[in-house]
Structure formats: C-alpha cells, structure tokens
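Participant: When we follow full-length UniProt numbering, the leftmost residue of the sequence shown carries the number 1, and every step to the right adds one.
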Amino acid sequence: MGFQRLSLAQHYHERTKYAPETLAQQAAPLDFSRQPTPFKTYPLGHVFSLKPFLESEQGAAHPQWQRLSRLLYCSYGITGVVPYPDQPFYMRAAPSAGGLYPAEIYLLTRNDTAIPAGIYNYQVKDHALVQVWQSYSWSALQAACLWHPALERTHIALIVTAVFYRSAWRYGDRAYRRICLDIGHLLGNVELAANIHDFRAHFIGGFVDAQMNELLYLDPEQEGVLAVVALANLLEVGENLSTFPSVLASATCYDYGAIASGELLKAYHRASALTNSDIIYSMAKVEETTDPNLSAQEPTAPPASKYNFPFGLRVTLSKTIIHWQDNLAALQQTILQRRSTRQYSGQGIEVDQLAALLTFAYHPQDYRDQGLDEAPSFFDPTLVETFIAVTQVRNLEEGCYYYAVAEHELRQIRFKNFQEQLHFLCLNQDLGRDAAVVIFHTANLERAIARYGERAYRYLHMDAGHLGQRINLAATALGLGVSGIGGFFDDQVNDLLGIPPEEAVLYITTVGKAA
1 MGFQRLSLAQ HYHERTKYAP ETLAQQAAPL DFSRQPTPFK TYPLGHVFSL KPFLESEQGA
61 AHPQWQRLSR LLYCSYGITG VVPYPDQPFY MRAAPSAGGL YPAEIYLLTR NDTAIPAGIY
121 NYQVKDHALV QVWQSYSWSA LQAACLWHPA LERTHIALIV TAVFYRSAWR YGDRAYRRIC
181 LDIGHLLGNV ELAANIHDFR AHFIGGFVDA QMNELLYLDP EQEGVLAVVA LANLLEVGEN
241 LSTFPSVLAS ATCYDYGAIA SGELLKAYHR ASALTNSDII YSMAKVEETT DPNLSAQEPT
301 APPASKYNFP FGLRVTLSKT IIHWQDNLAA LQQTILQRRS TRQYSGQGIE VDQLAALLTF
361 AYHPQDYRDQ GLDEAPSFFD PTLVETFIAV TQVRNLEEGC YYYAVAEHEL RQIRFKNFQE
421 QLHFLCLNQD LGRDAAVVIF HTANLERAIA RYGERAYRYL HMDAGHLGQR INLAATALGL
481 GVSGIGGFFD DQVNDLLGIP PEEAVLYITT VGKAA
C-alpha cells in the first residue's frame with residue numbers, strides 16, 4: 001500500500017509513533033501556565049449531592065439514588081488526594097495517562113425514574129450531579145443512537161466524552177490514543193460497578209456524533225462523545241438489554257491532504273465521526289458481520305489462533321478464577337484501592353497468578369463462576385491480539401509468548417530474556433525492565449479499518465484500555481503491582497515481538513511484585 005492510500009487512521013498512527021531519533025523533538029517542554037484543569041464546572045444548574053447516599057443509613061430511604069451514587073463513585077470517583085503545595089492532586093477510581101483525566105460523564109434520565117428527568121454532569125470533585133438541562137427529549141438520545149433497542153426500555157444512560165486539550169496539553173497529537181485508552185479504563189469500571197449495584201451496562205459505540213454534541217451542547221472542537229452506556233435497572237421488572245450490535249462503521253477517509261502538527265488529533269476525530277450519510281453503509285456492514293443468533297451479552301468468538309509453530313514451548317493455562325465474595329464487596333474495594341505501581345522489586349510471580357489475570361481479562365463468559373452477572377464487555381474483542389514478554393514467572397521459561405485466547409494457551413515465539421530491550425522500548429522506564437511480565441495489546445489496523453472505517457481506531461483503543469483495566473483490577477486483587485504504559489517506541493516493539501508492521505501496538509500493561 002502506497003503512502004497516499006493510507007487511511008487517515010493509519011496516517012494518524014504513523015504520524016504519532018515515538019521513535020528514538022525523534023523523541024526529543026516530540027517531547028516539547030510543558031507550559032504550566034496553560035495546564036488545563038481536570039474538572040468541568042457549571043456556574044448555573046441545580047446541584048444534587050451524591051455524598052449522603054454513599055452511607056447505608058442515608059441511602060436506605062432512596063435506594064436508586066444510593067445505587068447510582070455508588071456506581072458513579074466506583075467508576076470515576078476520587079479515591080485519594082496528594083497534597084501538593086500549589087493545589088492538591090485528586091486520584092480517581094480509573095487510571096489516566098499523566099493524571100490528566102480527559103473524560104467527563106453525563107447522566108441522562110427519563111421521566112419515569114426516581115431521579116428527576118434531565119441532563120446531568122457528574123461533578124467528580126464534589127461527588128455530585130449538576131442538572132445542566134431540564135427540558136430535553138429522551139427520543140433525541142435514541143435518534144442520535146439510531147434507535148438502538150437498548151435505549152427503548154432503559155431509563156438511565158451515561159454519556160462519556162473527552163475534553164481533548166486536557167491530554168493534548170502534554171501529549172500533543174498522540175493524545176487521542178491515550179484519551180481512548182483512558183475511556184476504556186473508565187468503561188471497564190462502569191461495567192463492573194453496574195454488576196455490583198444491580199444494573200447492567202450496554203455500551204453503544206455507534207451514534208451520530210453531531211447529534212450527540214448538539215444534545216449535550218458541546219463545542220465539538222473542544223469536547224467529543226466517545227461512548228454511550230445504557231443502564232438497565234435489574235431490580236425493575238421488564239428492563240432488559242437488546243441483542244442489537246453496539247458498534248457501527250464510519251466512512252474511510254483517504255483524501256485528507258496535509259494536516260499540520262497540532263491539528264491531527266481533531267482532524268482524525270472529525271473523520272471518525274458517524275454521520276447520517278454513513279447510516280445505510282453502517283447498517284449494511286452490521287448485517288454482513290453479525291450473527292443474528294448471537295446474544296449481545298456474550299462476546300463474539302475470539303479470532304482464529306495464530307503462531308501455531310511446531311517448535312517452541314506451549315503452556316495451557318488453568319482457568320484460575322478470582323472468586324469475588326461477600327456480595328461483590330471485595331470487587332468494589334479492589335476498584336477503590338487500585339493504584340498504578342511506580343516501582344517493581346524485580347521478584348517473580350506465579351504462573352497461576354498470570355493465569356488468573358488472563359482469565360479475568362479475556363474470559364468474561366466465566367463471569368458467573370466469578371460471582372458476576374453476565375454483561376457485555378468489549379466493542380469488538382476479535383480485533384485485539386495479545387503478546388506477553390515473560391522475565392520473572394516461576395516455572396515458565398523466559399521469552400515472548402503469543403496468548404491464544406480461545407485455547408487459553410501461551411505459545412513461545414522468542415526465546416531469551418528481554419529485560420534490557422523492554423527497558424528501552426518503554427522509553428527507559430524502569431517499570432518495563434523490572435516487571436515480571438509485560439503484556440502488549442496489538443491489532444491489525446488494516447483489518448479493523450476494513451470492518452469499521454475510521455471509527456475502528458476508537459474501538460481498538462477503548463477495548464485495549466478496558467482489557468488493561470481488568471488486568472489492573474485482577475492484579476490488585478492478587479496483591480501484585482500493575483501499571484499501564486501508553487508511551488513506547490512503536491516500531492521497535494514490533495521488532496521485539498517479531499510481528500509485521502501492519503500490526504499496530506495499542507497499549508502495554510506491566511505486572512510484577514511492587515517494591
């Protein structure tokens with residue numbers, strides 16, 4: 001494929017790669033006088049404090065408020081404060097690259113809920129809802145989501161947006177990758193928090209962007225919608241989720257001309273928008289790729305396993321289940337206790353611990369064995385591949401492995417200890433060198449774009465972030481350290497793993513014993 005025939009997503013990916021020879025130019029000094037605040041404020045609007053409903057005594061009289069309060073807190077609430085001299089730094093339930101927290105959560109309710117109908121913004125710092133719009137039509141949300149059946153009988157929806165500059169201030173055009181990863185972390189929390197509090201979350205990635213922006217009165221140059229979540233109330237009779245697909249395809253853009261540095265992020269986001277003219281094309285793609293007998297609560301089948309070499313070690317892992325006990329209180333505590341590890345000890349972990357991480361992250365069909373209700377998981381799990389560099393796992397040979405999801409099997413493809421190379425690939429972060437395992441999430445970008453157009457890049461990174469968050473939580477539950485890495489030398493990762501250049505590296509998650 002010639003350079004001029006790259007889609008804009010492929011062009012964006014190539015332009016935003018880190019390389020050893022250009023990293024210094026890409027890492028411009030930060031202007032702290034222009035550092036964005038990670039909170040959105042509204043001077044007007046009725047404020048509903050959610051803090052009283054976190055306590056059992058206060059929330060007992062208002063159970064739906066209590067469940068919603070706890071769901072939002074577990075998804076994105078403040079779980080710790082670092083008292084810096086200038087201003088405190090607020091840590092949240094979901095991790096964010098650089099602690100920049102680009103995501104915003106809006107809540108929409110219908111007339112027939114215990115919560116007054118309206119559009120609300122979740123005020124993270126105060127754990128409150130501010131009603132930013134009272135008079136609106138739920139049908140406007142349904143129309144923007146192409147009348148998705150999941151919204152027909154549900155009464156609450158979350159809309160997750162990104163404020164682009166919060167991440168772009170530090171990461172420039174590459175920020176879009178990190179934004180989508182961050183929102184994947186957040187969606188992972190939403191899904192599990194819904195399980196804990198008797199909701200069921202259905203993710204919707206196919207919506208008309210301009211209509212969503214208009215519904216929330218967003219400036220599309222500053223903020224954009226990336227996901228809609230229909231919340232079914234499992235305590236209400238008759239609320240169910242549809243089997244209708246969650247994702248739709250946008251057009252693919254090949255004619256984009258020259259785009260200046262600093263404008264690439266917004267140009268790509270605009271190109272990945274779903275428009276009214278895309279709808280017929282998108283629905284046709286759905287009919288092509290969707291099995292009508294497949295439930296939306298069950299992920300589509302993993303891709304056909306690769307790397308079936310006759311040589312190399314093969315390790316069939318046990319389905320090691322993390323049993324969340326005590327009415328899921330342990331899972332909630334894990335979400336709130338999770339922290340990104342800053343330093344590893346270099347000590348090893350057990351094979352069964354690695355197996356438990358991968359079971360929880362990649363086999364949500366085993367939810368019931370883990371004490372969880374069945375729920376939808378990813379936008380398209382068939383597109384993301386996983387490779388694991390093993391340096392310190394007891395009774396497992398060092399090297400790089402391909403993880404065959406369907407077989408729950410590790411297949412060795414490289415045969416040495418790669419600690420020093422991992423240190424270099426992760427921009428000389430000690431986390432890469434000292435972790436026991438380094439997990440790489442990749443995807444064939446050309447294949448993904450053939451299925452979903454420019455919008456594929458959003459889905460891939462949100463799914464990779466969601467996988468990363470599930471690994472984060474499983475590692476925390478097992479007493480291990482864990483940290484995601486969104487900055488790496490892209491092409492050198494492909495060289496280390498021995499995978500072709502069209503396999504885009506999306507995300508890295510490191511796991512080990514914390515120092």
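Virtual Cβ for every residue (Gly too), placed ideally from N, Cα, C.
(1) Please go through the same chain and pick out, in chain order, the residues whose beta-carbon is closer than 6 angstroms to the beta-carbon of His-423, but skip the five residues on each side of it.
(2) Counting Cβ pairs closer than 8 angstroms, one from the stretch 148-157 and one from the stretch 96-115, do we hit at least three?
(3) With distance defined between alpha-carbon atoms, name the residue in Asp-86, Pro-85, Val-81 nearest to Arg-92.
(4) Where Glu-385 and Tyr-507 are concerned, what is the direct C-alpha to C-alpha distance, given to the nearest angstrom?
(5) With contact counted as at least three CB pairs below 8 angstroms, one residue from each stretch, are the stretch 206-216 and the stretch 134-145 in contact?
(6) Going residue by residue through the stretch 25-65, where are the continuous beta strand (DSSP E) segments of at least 3 residues, counting only ones entirely within it?
(7) Just curious, the alpha helix (DSSP H) that Ile-335 is in, first and last residue?
(8) Could you say which of Tyr-84, Gln-412, Ser-69 lies nearest to His-198 if we only look at CA atoms?
(9) Closest to Ala-201 by C-alpha separation, out of Leu-151, Gly-453, Leu-358, would be which residue?
(10) Work out the CA separation of Arg-455 and Ser-277 for me, nearest whole Å.
(11) Which whole runs of the alpha helix (DSSP H) in the stretch 474-515 are 4 residues long or more, in chain order?
(12) Once DSSP output is grouped into helix, strand and coil, what is the label at Ala-201?
(13) Give the secondary structure of Ala-296 by DSSP, where H, G and I count as helix, E and B as strand, and everything else as coil.
(14) Using the three-state DSSP reduction, which class does Asn-111 fall into: helix, strand or coil?
(15) Hey, quick one: how far does the alpha helix (DSSP H) through His-363 stretch, first residue to last?
(16) Which parts of the stretch 210-282 are runs of the alpha helix (DSSP H), unbroken and 4 residues or longer, counting only runs that do not cross its ends?
(17) Can you check DSSP and say which residues form a bridge with Leu-129?
(18) Does the contact criterion of 3 or more C-beta pairs under 8 angstroms hold for the stretch 442-457 versus the stretch 377-394?
(19) Among residues of its own chain, excluding the 5 on either side of Ala-301, which ones have a beta-carbon nearer than 8 angstroms to its beta-carbon?
(20) Name the residue from Tyr-84, Tyr-76, Glu-104, Ala-450 whose alpha carbon lies nearest to the alpha carbon of Ala-94.
(21) Could you name each continuous beta strand (DSSP E) segment of 3 residues or more that falls completely within the stretch 363-450, going from the start of the chain to the end?
(22) Report the residue from Ala-128, Ala-103, Leu-264 whose alpha carbon sits nearest the alpha carbon of Gly-184.
(23) Rounded to whole angstroms, what's the CA-CA distance from Gln-332 to Glu-191? Just pull it up for me.
(24) Starting from Ile-159, trace the beta strand (DSSP E) both ways and give me its first and last residue.
(25) Terminal residues of the continuous alpha helix (DSSP H) containing Gly-184?
(26) Three Cβ pairs or more, each shorter than 8 angstroms: is that satisfied between the stretch 460-474 and the stretch 400-416?
(27) Might you give, ordered along the chain, the residues of its own chain that have their beta carbon closer than 6 angstroms to the beta carbon of Cys-426, omitting 5 neighbours on each side?
(28) I believe Thr-320 touches Glu-409 by the beta-carbon criterion, under 8 angstroms. Please report the beta-carbon distance rounded to the nearest angstrom.
(29) To which residues of the same chain is Asp-495 closer than 6 angstroms at the C-beta, ignoring the five residues directly before and after it?
(30) Among Tyr-176, Ala-330, Asp-255, Leu-235, which one has its Cα closest to the Cα of Glu-263?
Facilitator: Put simply:
(1) So the list reads Gly-432, Arg-433, once near-sequence residues are dropped.
(2) Yes: the two stretches touch, three or more of their Cβ pairs being nearer than 8 angstroms.
(3) The shortest C-alpha separation from Arg-92 is found at Val-81.
(4) 11 angstroms
(5) Yes, the stretch 206-216 is in contact with the stretch 134-145.
(6) 46-49
(7) Residues 329-337.
(8) Here residue 198 is Asp; the residue named in the question, His, does not match the sequence. Per the Cα distances, Ser-69.
(9) Leu-151
(10) 15 angstroms
(11) Fully enclosed alpha helix (DSSP H) runs of 4 or longer: 490-497.
(12) strand
(13) Model confidence at Ala-296 stands at a pLDDT of 35, short of 50, so the residue's coordinates are unreliable and nothing is read from them.
(14) coil
(15) Looking at the DSSP string, His-363 is not in any alpha helix (DSSP H), and its letter there is neither H nor E.
(16) 264-271
(17) Phe-48, Tyr-122
(18) yes
(19) Confidence at Ala-301 is low in this model, with a pLDDT of 48, below 50, so its placement is unreliable and the value that follows should be read with caution. Closer than 8 angstroms at Cβ, skipping near neighbours: Thr-382, Ala-406.
(20) Tyr-76
(21) 384-390, 399-404, 409-414, 437-444
(22) Ala-103
(23) Using only the alpha carbons, I get a separation of about 12 angstroms.
(24) 156-163
(25) 175-196
(26) Output reads no: the stretch 400-416 does not touch the stretch 460-474.
(27) Apart from sequence neighbours up to five positions away, the residues of its chain that approach Cys-426 with a beta-carbon distance below 6 angstroms are Gly-432, Ile-485, Phe-488, ordered along the chain.
(28) About 14 angstroms separates the two Cβ atoms, so there is no contact after all.
(29) Counting only residues of its own chain and dropping the five nearest sequence neighbours on each side, Asp-495 has no CB closer than 6 angstroms to any other CB.
(30) Of the candidates Tyr-176, Ala-330, Asp-255, Leu-235, the one whose C-alpha sits nearest the C-alpha of Glu-263 is Tyr-176.
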